[in-house]
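Residue numbers (this note's numbering): 7 to 153.
As structure tokens, this is what we get:
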């Protein structure tokens, strides 16, 4: 099964990056302002993107030392059952984020789109933890006719 893989470094404490990924309030600062849910293992998160829909996730893992893992339970058919894994580590002045969106059944065109969108949102995460200002939806970067 193909996966989406990205690596980005942020000049920010690991704790700040973890909170930005592990809490609805943090996620709303860089992915989508319409983020709701409870930050606990087994909890659910809902992410909405206006007219284009959204995603529901079950939280599989929350480890403040550097790991967050979600399973997609609602959204586009291509996403259902996939998992999103965030692995954090410190390297010099950087917190390194290794991002995986795993378990795609096949590399359809929508996967290409999602890979690029994840990259733009990871840059939004970097900006958010470094400056306090990300570009969450609805103010995110438009990359194509699919948004």
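We put the CB at the ideal spot given by N, CA and C, even for glycine.
Per-residue burial, residue i [other beta carbons within 10 Å of its own, 16 or more giving buried]
i	result
residue 139	exposed
residue 71	exposed
residue 94	buried
residue 149	exposed
residue 143	buried
residue 88	buried
residue 63	buried
Cβ pair residue i, residue j closer than 8 Å
i	j	result
residue 48	residue 100	no
residue 35	residue 28	no
residue 45	residue 68	yes
residue 112	residue 91	no
residue 37	residue 127	yes
Beta-bridge pairing of residue i - partner residues as DSSP gives them
i	result
residue 54	40, 60
residue 24	Paired residue(s): none; residue 24 is not in a bridge.
residue 92	74, 105
residue 13	104
Inside the stretch 106 to 136 only - beta strand (DSSP E) runs reaching at least 3 residues: none
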